[in-house]
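Down below is the structure, laid out as structure tokens.
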Amino acid sequence: MSETISLRSMDSSHVRIGVIGAGFVGGAFVRSLLDPERQVALVDAATTTLEIVGVAVRDLSKPREGIPAALLTDDAVTLVTRDDVDIVVELAGGLEPAKTLIELALRRGATVVTANKALIAEHGTALAQLAHEHEADLLYEAAVAGGIPILRALRSSLAGEKINQVLGIVNGTTNFILSKMTQDNVDYDAALAQAQALGYAEADPTADVEAFDAAAKVQILSSLAIGTALVGESISREGITAVRALDVDFARRSGYVIKLIGVVERAGEHGVSRRTHPALVPIDHPLASVHGAMNAVFVEGARSGPLMWLGQGAGGEATATAVMGDVLLAARNRVSGRHDIPFSVDDRLVSVDVADLSSVFYISLDVIDEPGVLAAVAAVFGRHKISIQSMEQNGLAHDARLNFVTHEARTSDVTATLAELRTLAAVESIGACIRVIGGEA
Ligand SMILES: NC(=O)c1ccc[n+]([C@@H]2O[C@H](COP(=O)([O-])OP(=O)(O)OC[C@H]3O[C@@H](n4cnc5c(N)ncnc54)[C@H](OP(=O)(O)O)[C@@H]3O)[C@@H](O)[C@H]2O)c1
10 MSETISLRSM
20 DSSHVRIGVI
30 GAGFVGGAFV
40 RSLLDPERQV
50 ALVDAATTTL
60 EIVGVAVRDL
70 SKPREGIPAA
80 LLTDDAVTLV
90 TRDDVDIVVE
100 LAGGLEPAKT
110 LIELALRRGA
120 TVVTANKALI
130 AEHGTALAQL
140 AHEHEADLLY
150 EAAVAGGIPI
160 LRALRSSLAG
170 EKINQVLGIV
180 NGTTNFILSK
190 MTQDNVDYDA
200 ALAQAQALGY
210 AEADPTADVE
220 AFDAAAKVQI
230 LSSLAIGTAL
240 VGESISREGI
250 TAVRALDVDF
260 ARRSGYVIKL
270 IGVVERAGEH
280 GVSRRTHPAL
290 VPIDHPLASV
300 HGAMNAVFVE
310 GARSGPLMWL
320 GQGAGGEATA
330 TAVMGDVLLA
340 ARNRVSGRHD
350 IPFSVDDRLV
360 SVDVADLSSV
370 FYISLDVIDE
380 PGVLAAVAAV
390 FGRHKISIQS
400 MEQNGLAHDA
410 RLNFVTHEAR
420 TSDVTATLAE
430 LRTLAAVESI
440 GACIRVIGGE
450 A
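Have a look at this one:
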């Protein structure tokens, strides 16, 4: 059995779709495409009729609300290699078997739509090339920031713009945790527990809190904003597990909010820096007001100036809207016999080592409260030519702290400073070293 969206008086073209995965996103996508109230609008947007011919899952015995049982199969390979499947929608996730299934589909000229950020970040350039060789499309709008249509904006609307910087809050879980820490004055563990209880964080939150997920999205944003290849090159990655309630409090008192940001930035003529890390964001920066599980992408174009997109970066329904947009574009392309050419990769670009970048830093030291400590610490900063913008001292005895905000300093100099500070008997530990975005206060 298959499900066809009823035809108004259209031409004889007809697009058949095979879906891999019926979880949060796949289930929402299939239900949306089969919704009788949406059929006329979808046929109009696709310029053709659309038919779901199969939905592959792992476990056929699970209940699947709104998905006819006759569409379900546990044989994804047969579904993607069927001659009559024009578009394969991969919503299973993970590297394998997703990559093999996508390659099988592309090799016979089927279009592939996917939301699989991990796979695209690692193998996107090769898969896009494979698609091109077989005159097919590979579309993945949903892979970054869920329901926010940022990739097409970069690829199409901003295609003629020189993009100097992209800053993104592209992981809802970490933004939820940091927002909770800010609003409720709770520490990281309590905020994570709340995120898990509310379904915003997985039982194993590593991919989110250690910024693997955000790094994959930075890869993809960078490819479209600047022209870097999608080849699984590692992005400088720092997560949020070390952020303390004390740091959030310092930020609040100083006019900042702490966010996990993904950064794509030009550095010099052919340099590019791609990284994820927590950052103190000035409260008047547009990203500072992005709360809870929301995502946002801030783009600085040479001529366009600042631009920002805000919205739901996850959730089955929101993400499925981006998948649907790709499917409709793919259907129109198939009807008109065209396909997108892959984005161009700029071979001259070189990754700049994060150690060579300069930034303002917030540095917090746990120290022993005794005379001479401040002078000893200041001497270390001075030896490494790190100049201090502001300093505060609080706590007593073994709970004493020194909080510094530096002027612009080279990361390698800051790293050397911290290494020397660790050798001082009066410094018990380095509590925090977090970049401040927005430059000098
Ligand atoms: N959830 C979000 O908010 C979100 C946002 C943006 C992007 N994405 C991306 O969207 C994709 C899907 O995410 P999701 O949250 O919908 O995942 P999910 O709820 O875990 O669903 C995955 C689906 O894929 C099926 N599946 C897994 N391996 C399979 C295989 N080998 N053959 C056939 N079916 C297989 C599963 O079958 P069973 O149901 O039988 O287990 C399940 O239906 C991922 O790439 C994810 O990164 C998700």
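Per our numbering, the sequence shown runs over residues 10 to 450.
Backbone N, C-alpha and C fix where the C-beta goes; we use that ideal spot for every residue, glycine too.
- Residue state for K268 is assigned as strand, using DSSP reduced to three classes.
- In terms of side-chain proximity, the C-beta atom of N173 is found no nearer than 7 angstroms to any non-hydrogen atom of ligand 1.
- DSSP places H279 in the coil class of the three-state scheme, outside both helix and strand.
- Put simply, the backbone Cα of Q174 is about 20 angstroms away from that of N184.
- For N125, the shortest separation between its Cβ and any heavy atom of ligand 1 lies below 7 angstroms.
- In the three-state DSSP reduction, P45 falls in the helix class (H, G or I).
- The segment 385–449 contains, as complete alpha helix (DSSP H) runs of 4+ residues, the segments 420–431 (chain order).
- In terms of Cβ geometry, S368 and T420 form a close pair [threshold 8 angstroms].
- Around the CB of V359, fewer than 16 other CB atoms lie within 10 Å, so the residue is classed as exposed.
- I29 is bridged by DSSP to A65 and E99.
- The Cβ atoms of R283 and V227 lie closer than 8 angstroms to each other.
- Not one heavy atom of ligand 1 lies closer than 7 angstroms to the C-beta of R40.
- In this structure, I397 keeps its C-beta atom at 8 angstroms or more from the C-beta atom of E437.
- Counting only residues of its own chain and dropping the five nearest sequence neighbours on each side, V382 has a CB closer than 6 angstroms to the CB of V376 and A435.
- Residue L81 holds the alpha-carbon nearest to the alpha-carbon of I61 among L81, A331 and I249.
- The beta-carbon separation of T191 and V98, rounded to 38 angstroms, does not stay under the 8 angstroms limit for a contact.
- By the criterion of at least three beta-carbon pairs nearer than 8 angstroms, the segment 205–215 is not in contact with the segment 146–165.
- Take G322, set aside five residues on each side of it, and the residues of its chain with a beta-carbon closer than 6 angstroms to its own are A154, G155, G181 and N304, in chain order.
- Within the same chain, and ignoring the five residues on either side of S313 in sequence, the residues whose Cβ sits closer than 8 angstroms to its Cβ are L167 and E170.
- Sixteen is the threshold: since fewer than 16 other Cβ atoms of the shown chains lie within 10 Å of the Cβ of I350, the residue is exposed.
- Within a 10 Å sphere around the beta-carbon of G271 sit 16 or more other beta-carbons, which makes this residue buried.
- Note that the C-beta distance between A119 and P106 is not below 8 angstroms.
- Per DSSP, I157 lies in no beta strand (DSSP E) segment and is marked neither H nor E.
- Beta-bridge analysis with DSSP links P291 to Y265.
- In this structure the segment 295–309 does not touch the segment 61–71; the number of beta carbon pairs closer than 8 angstroms is below three.
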